[in-house]
Amino acid sequence: MSAPKVLISDKLSPASIAIFKARGIEVYFKPGLKPAELREIIGQYDGLAVRSATKVTREVLDAAPRLKVVGRAGIGVDNVDVSSATARGVVVMNTPYGNAITTAEHAIAMMFALARQIPEASTSTKAGKWEKNRFMGVELTGKTLGLIGAGNIGSIVASRANGLQMKVIAFDPFLSEKRALEIGVEKVDLDALVARADIVTIHAPYTEQTKNILSRERIFALKKGARIINCARGGLLDEAALYDALKEGHLAGAALDVFETEPATDSPLFTLENVVCTPHLGAATAEAQENVALQVAEQMSDFLLSGAVSNAINMPSVTAEEAPRLRPYMELARQLGALAGQLTANVGDEVKAIRVEYEGAAAELNQKPLTAAALAGVLAPMMGAVNMVNAPALAKERGIEVAETVLERSGDYATLLRVTLVTDEWTRSVAGTLVGTGKPRLVEVKGIAVEADFAPHMLYVTNQDRPGFIGRFGTTLAEAGINIATFHLGRDRPGGDAICLVGLDAPLPEAVLATVRGLPLVVRAVPLAF
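The number in the working numbering is simply the position in the sequence shown, starting from 1, with 26 added.
Here's what the structure looks like:
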């Protein structure tokens, strides 16, 4: 198998190139490509590593049939069309920790610059003035700092602010009381934060829910003389309202590293002396640039070589340690899903719910990627190009309820996965286990025990359990020149419903399938492919 190929289309540290090469990946460093140039060559690559300059648009993704992963060296993925990537089954990764300290430190630096009017004082002094009485600052000690967002970066800011003996309060819907205690903050709602904070600093992602989280109403609800810092993302505050609040003297100042439109070369805020502005420098340190480049190279290499998934925006994480153990389970989940999906697609009923159960050793695993693999198996016969990345989103789009159940009980098998499909008319389940060195095996179909290995081509037959059927069935295949690779049987009771699973060397011709369907006692015959 040929080595994976990765394109680096933005300026990254040479160390990242060295990592790709050391891991046996072909890497091509071509920063500064124009959109048309990128679209022309992207079809050759399995991975694309970018910073913020390259725009990974739908058009780029349409031109990239081989692409498996986009790695963003940095936190924000505004320049990547994540929805289109997900629809095409492309993993999108970022590096949320490589520049966390650097961004947090920049927020603290902006807070000091704002509190002591350092940029204006520096400009005045360099101009030959000595305006000592003009620049009257405020102390940070004892002030209340309000964090909007207390994740990785926000928690680092909190630790630095605690060291400055500030009172730190935080609004974050995902912040637990225990975590708040650990990072030394008081958890409050957004209205309370706005009412109490002397300084507000934003450390939240940009989403529909966080857009203009500091709205005009909330900006003017801040204390008179409060200050605002934003080193997270543009669009998290109303810039026009901020200008008005500063111009009218309601706020004492603001420090912005990010803007609604970037590059920000013209803004009314630039005319105000009590505004400190920097050109999106939150991650701009030598250490951070090195860290995110190394991190994205390691993450992409792990994924392309072993299937490990770290810091993915659109797929469950799988550590490098987990990947080898999960791989046979993911294949089992996919094949069980594919069996259930093909049996359902053949009938044409609409799937309302998909349930995945984990029993025994499987109950101790990271189930999210296994469920994604099962969903991909179920949906592929109905929708075509589906994989672990886009399957959960496709299921959600179609209103299919997905549920996971973990059963720690001991059963007949040391490990067991069961995939159940629910329609308006019926509920059907299939179950499987791993044998030997991790080989998937089917052990149950519709409640009927049947031990069968999966094969690339199979024929599934349900029939009435009567004498003579197996002979007629075998003779029919033999007379058509069809060689049987494997043959597995199961039934619910003597004389009841029976199942026959036949492994074949090649797909069954339609004419032979029609003959099988016409045999006495045959209820249903479905060709399968795995």
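Positions of the beta carbon are idealized from the N, C-alpha and C atoms, including for glycine.
TODO: Tell whether a beta-carbon distance below 8 angstroms holds between residue 395 and residue 344.
DONE: The count along the sequence shown starts at 1 and reaches residue 395 at position 369. The count along the sequence shown starts at 1 and reaches residue 344 at position 318. Yes, Cβ-Cβ distance for residue 395 and residue 344 is below 8 angstroms.
Open item on the list: By the DSSP assignment, the alpha helix (DSSP H) with residue 189 in it spans what residues?
Closed with: Taking the sequence shown and counting its residues from 1, one reaches residue 189 at position 163. Run containing residue 189: 178-189, per the alpha helix (DSSP H) assignment.
TODO: Sort out for me which residues DSSP pairs residue 529 with in a bridge.
DONE: Against the sequence shown, residue 529 aligns to sequence position 503. 484 and 512.
Task: Rounded distance between the beta-carbons of residue 140 and residue 116, thought under 8 angstroms - done: Within the sequence shown, residue 116 is the residue found at index 90, counting from 1. Within the sequence shown, residue 140 is the residue found at index 114, counting from 1. Not confirmed; about 41 angstroms, so no contact.
Open item on the list: Checking the sheet assignment: what are the DSSP bridge partners for residue 52?
Closed with: Locating residue 52 in the sequence shown gives position 26, counting from the first residue. Answer is 31, bridged to residue 52.
Open item on the list: Suppose you measure from the CA of residue 211 to the CA of residue 217; what does that come to, to the nearest Å?
Closed with: The residue you call residue 211 lines up with position 185 of the sequence shown. The residue you call residue 217 lines up with position 191 of the sequence shown. Using only the alpha carbons, I get a separation of about 16 angstroms.
Task: residue 529 and residue 475 closer than 8 angstroms at C-beta - done: Numbered from 1 along the sequence shown, position 503 holds the residue referred to as residue 529. Numbered from 1 along the sequence shown, position 449 holds the residue referred to as residue 475. No.
Open item on the list: Within a Cβ cutoff of 8 angstroms, which residues of the same chain sit near residue 316, ignoring the five residues on either side of it in sequence?
Closed with: Against the sequence shown, residue 316 aligns to sequence position 290. Cβ neighbours of residue 316 beyond the five flanking positions: 39 and 41.
Task: Distance between residue 512 and residue 124 (C-alpha atoms, nearest Å) - done: Translated into the one-based positions of the sequence shown, residue 124 becomes position 98. Translated into the one-based positions of the sequence shown, residue 512 becomes position 486. In a straight line, the C-alpha of residue 124 is about 52 angstroms away from that of residue 512.
Task: Local Cβ density within 10 Å of residue 80, reported as buried at 16 or more and exposed below that - done: Walking along the sequence shown from the start, residue 80 turns up at place 54. Answer is buried; the Cβ neighbour count reaches 16.
Task: Nearest candidate by alpha-carbon position, reference residue 543, set 222, 515 and 486 - done: Position 517 of the sequence shown, counted from the start, is the residue given in the question as residue 543. Of 222, 515 and 486, the residue nearest in Cα terms is 486.
TODO: Tell me, please, which residues DSSP counts as bridged to residue 170.
DONE: For this step, residue 170 is matched to residue 144 along the sequence shown. Partner(s): 193.
Open item on the list: With the cut-off set at 8 angstroms, would you say residue 382 and residue 443 are in Cβ contact?
Closed with: Indexing the sequence shown from 1 puts residue 382 at position 356. Indexing the sequence shown from 1 puts residue 443 at position 417. Yes.
- [ ] Taking residue 111 as the reference, give the member of 298, 495, 471 and 420 with the closest Cα.
- [x] On the sequence shown, position 85 is the one that residue 111 refers to. If we check each option's Cα against that of residue 111, 420 comes out closest.
Open item on the list: Let me check one thing: in DSSP terms, what residues is residue 427 bridge-paired to?
Closed with: The residue given as residue 427 occupies position 401 in the sequence shown. 379.
TODO: Name the two residues that bound the continuous alpha helix (DSSP H) containing residue 536.
DONE: One-based indexing of the sequence shown puts residue 536 at position 510. Where residue 536 is concerned, the enclosing alpha helix (DSSP H) stretches over 536-543.
Task: alpha helix (DSSP H) segment containing residue 152, residue limits - done: Working through the sequence shown from its first residue, we reach residue 152 at position 126. Residues 144-152.
Open item on the list: My assumption, with CB atoms under 8 angstroms, is that residue 174 sits in contact with residue 239. Please give the rounded CB distance.
Closed with: Within the sequence shown, the letter at position 148 stands for residue 174. Within the sequence shown, the letter at position 213 stands for residue 239. About 6 angstroms separates the two Cβ atoms, so the contact holds.
Task: Buried versus exposed, by CB contacts within 10 Å (16 or more), residue 76 - done: Residue mapping note: residue 76 aligns to position 50 of the sequence shown, counting from 1. Label assigned to residue 76: buried.
Open item on the list: Please tell me whether residue 129 and residue 318 are closer than 8 angstroms, where the distance is taken between their beta carbons.
Closed with: The residue you call residue 129 lines up with position 103 of the sequence shown. The residue you call residue 318 lines up with position 292 of the sequence shown. No; because the gap between Cβ atoms is not below 8 angstroms, this pair is not in contact.
Open item on the list: Suppose only complete runs of 3+ residues qualify. What are the beta strand (DSSP E) ranges in the region 40-87, listed by chain order?
Closed with: 52-55 and 73-76
Task: Sequence ranges, beta strand (DSSP E) only - wholly within the region 439-499, length at least 3 - done: 441-448, 453-461, 465-471, 474-479 and 483-490
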